[in-house]
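Peer 1:
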Amino acid sequence: MRSIHQRIFLEQKKIVSYSLLLLLLSVCTSAYSASDSLMASLFDMSLEELMNQEVTIATKSAIRVKQAPSVVSVITREEIENLPVRNLSDLLQLIPGFEITPRVNAFDGVGFRGVKDTRYTSRYLILLDGQPHNHIFYGNSLESPYGGIDLNSIEKIEIIRGPGSALYGKNAFLAVINIITKTAEKSDLTQVKGEYGSFNSYRAYAAYGKKAGLHKNYLLSMAYQNSDGTNTQGIDEFGRLQNWNEKSNNLYLNSNLALGNLSFYVSGALAHNGTSLYDSYLKQHRVNYSANYGRQLNDLIKLKATLFGHNEYTSQNFEQYPENDSATFLPPSPLAGYQVRQVFPNGFYYSPVYSEYNYGANLESELLFSKKHQMLTGIQMNAYGVYDTEFRSNFNFRTRQYYRGYTRDHLPLDTVGWFDNNGHHYTNMALYVQDIWYPITDVGITVGGRLDLDSEIGLQFNPRLGINWLLNDLYTLKLLYGSAYRAPSPSEQYQTLGYAFGNKDLKPETIHTLELAFQQDLPAISNQINLFYNVIDGMIYAETNTEVVPGNIYNNLGTNTSYGIEFASNQKLSHWLYTFVNLAFNTSENTTTIDSVKKTFNHVDVSPFKINAGANLQLPYNLRFSATLSYRSKMEKFKELNNDTGLEEDVSKDLVGNYTVINAKLVYKKDKFPLSVYLSCYNVLNTEYYSQDNEQKHYPPMPGISYLAGVSFTF
11 MRSIHQRIFL
21 EQKKIVSYSL
31 LLLLLSVCTS
41 AYSASDSLMA
51 SLFDMSLEEL
61 MNQEVTIATK
71 SAIRVKQAPS
81 VVSVITREEI
91 ENLPVRNLSD
101 LLQLIPGFEI
111 TPRVNAFDGV
121 GFRGVKDTRY
131 TSRYLILLDG
141 QPHNHIFYGN
151 SLESPYGGID
161 LNSIEKIEII
171 RGPGSALYGK
181 NAFLAVINII
191 TKTAEKSDLT
201 QVKGEYGSFN
211 SYRAYAAYGK
221 KAGLHKNYLL
231 SMAYQNSDGT
241 NTQGIDEFGR
251 LQNWNEKSNN
261 LYLNSNLALG
271 NLSFYVSGAL
281 AHNGTSLYDS
291 YLKQHRVNYS
301 ANYGRQLNDL
311 IKLKATLFGH
321 NEYTSQNFEQ
331 YPENDSATFL
341 PPSPLAGYQV
351 RQVFPNGFYY
361 SPVYSEYNYG
371 ANLESELLFS
381 KKHQMLTGIQ
391 MNAYGVYDTE
401 FRSNFNFRTR
411 QYYRGYTRDH
421 LPLDTVGWFD
431 NNGHHYTNMA
441 LYVQDIWYPI
451 TDVGITVGGR
461 LDLDSEIGLQ
471 FNPRLGINWL
481 LNDLYTLKLL
491 YGSAYRAPSP
501 SEQYQTLGYA
511 FGNKDLKPET
521 IHTLELAFQQ
531 DLPAISNQIN
541 LFYNVIDGMI
551 YAETNTEVVP
561 GNIYNNLGTN
571 TSYGIEFASN
581 QKLSHWLYTF
591 VNLAFNTSEN
601 TTTIDSVKKT
611 FNHVDVSPFK
621 INAGANLQLP
631 YNLRFSATLS
641 YRSKMEKFKE
651 LNNDTGLEED
661 VSKDLVGNYT
671 VINAKLVYKK
681 DKFPLSVYLS
691 CYNVLNTEYY
701 SQDNEQKHYP
711 PMPGISYLAG
721 VSFTF
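Residue numbers (the numbering used here): 11 to 725.
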């Protein structure tokens, strides 16, 4: 532990040098922070206005960022359009503490504040216009860099950095991300956009919105995105070519309609992604929908009712070995040292398929006792689950028998199934309450909690407490406590075939978090310092090749303790220049007991030290130039047991972490003119860096320098 920290601190001189270099380059660049919000006009508003707009995610009602009883970050549409980002993963990387890395199967490794899942699950909740967007089967939220969401349809993103189960229930664990889509509430909108870039990547977007009167408007948008992925290829330990390029061919639809007190929302995605090491792919067909009714009954009571749902069909098709390849297997009950060499004349393929759903209703009342006292109460009910699970393969995983003559397009059905009873269904009911009271003018106290009754895991209660103290016009202090839970996913409970097996006796993961946040708002500089301390109990793992678990069955294995500091600074150096820098440092340790032996070790696959910096400059001739820098320190590697030596060794053979990536974007945009043109460059320095997971020994370098050019018409 100490040696890792020492290496980190020795690297800090290099980190600071990179930061200073970027900030010096801001003479020809422009910056604004993706860790805190900037509003419609980046160059016309004061820093105070830019840093303290209203958000709803922290309390479910509009409140200023300073007054919110949470550590909140906001990203606006203008930031998305001006930052050199391509997708949701690029964007979240710029938030203090977030860490997202590509892995096999198009399921990104997602982490926050020192904790990252080693398989598919994400420990944060994504909301789409306030409704759950996480997938049900695996519990994941970012199945590929695009996350099933097109950036062009987003108006604003609000983020709680910390637990949110006191308002949002299960899976609002380490963070909550609410993605708010565009509407025509303020004005008519017609927009057409086209992009083309490296690796035969192209995107098209079109939107039409109409404001028909007060609280009457509608908007419809469509986006298409296609890419060959990247040039990321490498040779595995058996000499086979691996493709880590996450090909994509996706179609997105988004629509909303407001009619007075009623509003409706429907979105859909047809996503086809290349997903694995060889020739494999993932298909997802998804639709989200909601109907909302809100009304101010009188000066005291405000009501809101919501019906929401999502349906999804997922089909995966994996190539384990191509035609005429071979591999060595242990038979089902092998004698000591006895192995079987298997040849696959038609290749080794398998295809799992499933459908999922989530239907729910939510009723809230907001009581406005006075300007200094308000209370929120709510009840939520939902039914969710998976069904029609199928597994087809020309190889029997149980008997190690190869079915000759079956090709990829004609795979036999596994009649035993890969999921218990071919599906599972859940129900959940919840009651929640939140009271915000200002006993004196500048001190706000938030007390609340949520009680969930889940058909699978029983009762779960998660409280929250926040004290928000506006010391004066310049300084704000927040003391926060919250808890959350992550329910085991259906895959973790009931999967009966694959590289990890379900466990019906799993308990939910729980987290308790303390946070101390301080904000300083000077005329030209805004600074934030956040301290956090997390304790996670009952962490769910099933890793066959690491020291974390004794086998490949999901179990509640031990505790994680993580603590750290986040620093964010925004500077408005002139009416034409913004800069930002944010740092995150964390210590994260897992403690688990295997065979009655307790072991404590650093949480793998996370960077103890992260830095993001950037600049945004308004140039002459209607040009804007922005650049971002991201540094990640050295990471702990996954371990596996060498059966020959009896010693643990690193899975990955490459350097992991300790790299810097710079992205840049040049935009031409003239005021009151519909045309804008832009060019983005990613990994400007052509940095060589690597990702890792718990199974692959050889990762190829991540993508080098690449480009994306686009043109947009907005009327």
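Don't be surprised by glycine CBs; every beta carbon is placed ideally from N, CA and C. In this text the structure is predicted, and so the values were computed from the model without any measurement.
(1) Please determine, among 63, 725 and 88, the residue with the shortest C-alpha to C-alpha distance to residue 636.
(2) If you measure between the beta carbons of residue 726 and residue 460, is that distance less than 8 Å?
(3) Just to confirm the assignment, what range does the alpha helix (DSSP H) spanning residue 101 have?
(4) From what residue to what residue does the beta strand (DSSP E) around residue 466 run?
(5) Helix, strand or coil: how does DSSP classify residue 514 here?
(6) Can you tell which of 660, 277, 151 and 231 has its C-alpha closest to the C-alpha of residue 183?
(7) Rounded to the nearest angstrom, what separates residue 234 and residue 321 at their Cα positions?
(8) For residue 632, collect the residues of the same chain with a Cβ closer than 7 Å to its Cβ; drop the 5 residues on either side in sequence, then sort them by chain order.
(9) Quick check: the Cα distance between residue 38 and residue 719, rounded to an integer number of angstroms?
(10) Should residue 300 and residue 262 be called a contact, given that it needs their Cβ atoms to be closer than 8 Å?
(11) Among the residues of its own chain, which have a CB less than 6 Å from the CB of residue 279, if the five just before and after it don't count?
(12) Taking the runs of the alpha helix (DSSP H) that are 4 residues or longer, which of them lie wholly in the stretch 113-142?
(13) Going by beta carbon distance, what residues of the same chain come within less than 6 Å of residue 101, once the five residues before and after it are set aside?
(14) What residues are listed by DSSP as bridge partners for residue 693?
(15) Any idea what DSSP makes of residue 503, helix, strand or coil?
(16) So, residue 125 versus residue 546, is the Cβ gap smaller than 8 Å?
(17) What residue range does the beta strand (DSSP E) around residue 268 cover?
(18) Give me, in chain order, the residues of the same chain whose beta-carbon lies closer than 6 Å to that of residue 326; leave out the 5 immediate sequence neighbours on both sides.
(19) Any contact of the stretch 131-138 with the stretch 183-192, i.e. 3+ C-beta pairs under 8 Å?
(20) In the DSSP assignment, the alpha helix (DSSP H) including residue 329 goes from what residue to what residue?
(21) Determine the closest residue to residue 225 out of 211, 210, 194 and 252, with distance taken between C-alpha atoms.
(22) Can you tell me whether residue 77 is buried or exposed? The criterion is at least 16 other CB atoms within 10 Å of its CB, across all chains shown.
(23) With contact counted as at least three CB pairs below 8 Å, one residue from each stretch, are the stretch 485-493 and the stretch 506-514 in contact?
(24) What three-state label does DSSP hand residue 430 in the structure shown?
(25) How about the stretch 409-419 and the stretch 435-452: do they share at least three Cβ pairs that are nearer than 8 Å?
(26) Scan the stretch 610-671 and note each continuous beta strand (DSSP E) run of 3 residues or more that stays entirely inside, going in chain order.
(27) Alpha carbon to alpha carbon, how far is residue 539 from residue 529? Give it in angstroms, no decimals.
(28) Should residue 364 and residue 403 be called a contact, given that it needs their Cβ atoms to be closer than 8 Å?
(29) Using beta-carbon positions only, say whether residue 455 and residue 494 come within less than 8 Å of one another.
(30) Quick one: measure Cβ to Cβ for residue 107 and residue 123, integer angstroms, because I've assumed they're closer than 8 Å.
(31) To the nearest angstrom, how far is it from the Cα of residue 664 to the Cα of residue 437?
(32) Shortest alpha-carbon distance to residue 386 belongs to which of 412, 458 and 324?
(33) Excluding the 5 residues preceding and the 5 following residue 537 in the sequence, name in chain order all residues of the same chain whose CB lies nearer than 6 Å to its CB.
(34) Going by DSSP, what residue range makes up the alpha helix (DSSP H) through residue 88?
(35) So for residue 307, helix, strand or coil by DSSP?
(36) Taking 8 Å as the limit between beta carbons, can you name the residues of its chain near residue 617, skipping five residues before and five after?
Peer 2: So, from the data block:
(1) For the purposes of this step, residue 636 is identified with residue 626 of the sequence shown, where counting begins at 1. From the listed residues 63, 725 and 88, the smallest Cα separation to residue 636 is found for 88.
(2) Here the chain covers residues 11 to 725 and nothing more, so residue 726 does not appear.
(3) As a working mapping, residue 101 is identified with position 91 in the sequence shown. Element bounds for residue 101: 98-102.
(4) Position 456 of the sequence shown, counted from the first residue, corresponds to residue 466. From DSSP, residue 466 is part of no beta strand (DSSP E); its letter is neither H nor E.
(5) What you label residue 514 is simply residue 504 of the sequence shown in a count that begins at 1. In the three-state DSSP reduction, residue 514 falls in the coil class, being neither helix nor strand.
(6) Taking the sequence shown and counting its residues from 1, the one referred to as residue 183 is at position 173. Ranking 660, 277, 151 and 231 by Cα distance to residue 183 puts 151 first.
(7) Within the sequence shown, the letter at position 224 stands for residue 234. Within the sequence shown, the letter at position 311 stands for residue 321. When rounded, the distance between both Cα atoms is 21 Å.
(8) Here residue 632 is taken as the residue at index 622 of the sequence shown, counted from 1. In chain order, 678, 679 and 680 place their CB closer than 7 Å to the CB of residue 632, counting only its own chain and leaving out the 5 sequence neighbours on each side.
(9) As a position in the sequence shown, residue 38 is number 28, starting the count at 1. As a position in the sequence shown, residue 719 is number 709, starting the count at 1. In this prediction, residue 38 has a pLDDT of 32, which is less than 50 and means its spatial position is unreliable; what the coordinates show is noted afterwards. Each residue's alpha carbon lies about 20 Å from the other.
(10) Along the sequence shown, one-based indexing puts residue 300 at 290. Along the sequence shown, one-based indexing puts residue 262 at 252. No, Cβ-Cβ distance for residue 300 and residue 262 is not below 8 Å.
(11) Looking up residue 279 in the sequence shown gives position 269. Excluding positions up to five away in sequence, the list reads 158, 262 and 296.
(12) None, since the stretch 113-142 contains no complete alpha helix (DSSP H) of that length.
(13) If you number the sequence shown from 1, residue 101 lands on position 91. Answer for residue 101: 95, listed in chain order.
(14) Taking the sequence shown and counting its residues from 1, one reaches residue 693 at position 683. Paired residue(s): none; residue 693 is not in a bridge.
(15) Mapped onto the sequence shown, residue 503 falls at position 493. Judged by DSSP in its simplified three-state form, residue 503 adopts helix.
(16) Translated into the one-based positions of the sequence shown, residue 125 becomes position 115. Translated into the one-based positions of the sequence shown, residue 546 becomes position 536. Cβ distance < 8 Å, so residue 125 and residue 546 count as in contact.
(17) In the sequence shown, the residue the question calls residue 268 occupies position 258. 258-269 is the span of the beta strand (DSSP E), which, as asked, contains residue 268.
(18) Within the sequence shown, numbered from 1, the residue matching residue 326 stands at position 316. Only 292 and 362 meet the Cβ criterion.
(19) Touching, yes, given that three or more Cβ pairs across the two stretches are closer than 8 Å.
(20) Taking the first residue of the sequence shown as 1, we reach residue 329 at position 319. First-last for residue 329: 311-331, but that is the beta strand (DSSP E), not the alpha helix (DSSP H).
(21) Numbered from 1 along the sequence shown, position 215 holds the residue referred to as residue 225. For residue 225, the closest C-alpha among the options 211, 210, 194 and 252 is that of 194.
(22) Here residue 77 refers to the residue found at position 67 when the sequence shown is read from its first residue. Its Cβ being crowded by 16 or more others within 10 Å, residue 77 is buried.
(23) Touching, no.
(24) Residue 430 sits at position 420 when you count from the first residue of the sequence shown. Reduced to three states, the DSSP call for residue 430 is helix.
(25) Proximity of the stretch 409-419 to the stretch 435-452 falls short of the contact definition, fewer than three beta-carbon pairs being nearer than 8 Å.
(26) The qualifying runs are 619-629, 633-642, 649-651 and 658-660.
(27) Here residue 529 is taken as the residue at index 519 of the sequence shown, counted from 1. Here residue 539 is taken as the residue at index 529 of the sequence shown, counted from 1. If I take the Cα positions, the gap works out to 7 Å.
(28) Numbered from its first residue, the sequence shown carries residue 364 at position 354. Numbered from its first residue, the sequence shown carries residue 403 at position 393. For the 8 Å CB-CB criterion, residue 364 and residue 403 do not form a contact.
(29) Within the sequence shown, the letter at position 445 stands for residue 455. Within the sequence shown, the letter at position 484 stands for residue 494. No, they are not a contact pair.
(30) Reading the sequence shown from its first residue, position 97 is the one you call residue 107. Reading the sequence shown from its first residue, position 113 is the one you call residue 123. Contact check for residue 107 and residue 123: beta-carbon distance about 5 Å, within the 8 Å limit, so the pair qualifies.
(31) What you label residue 664 is simply residue 654 of the sequence shown in a count that begins at 1. What you label residue 437 is simply residue 427 of the sequence shown in a count that begins at 1. Each residue's Cα considered, the two are about 45 Å apart.
(32) Residue mapping note: residue 386 aligns to position 376 of the sequence shown, counting from 1. With distances taken between Cα atoms, residue 386 lies closest to 458.
(33) Position 527 of the sequence shown holds residue 537. Contacts found: 530 and 579.
(34) Taking the sequence shown and counting its residues from 1, one reaches residue 88 at position 78. Here the alpha helix (DSSP H) through residue 88 covers 87-92.
(35) As a first step, residue 307 is located in the sequence shown; it is residue number 297 there, counting from the start. In this structure, residue 307 counts as coil in the three-state DSSP scheme.
(36) Start at 1 with the first residue of the sequence shown, and residue 617 comes out as number 607. Cβ neighbours of residue 617 beyond the five flanking positions: 109, 642, 643, 644, 645 and 667.
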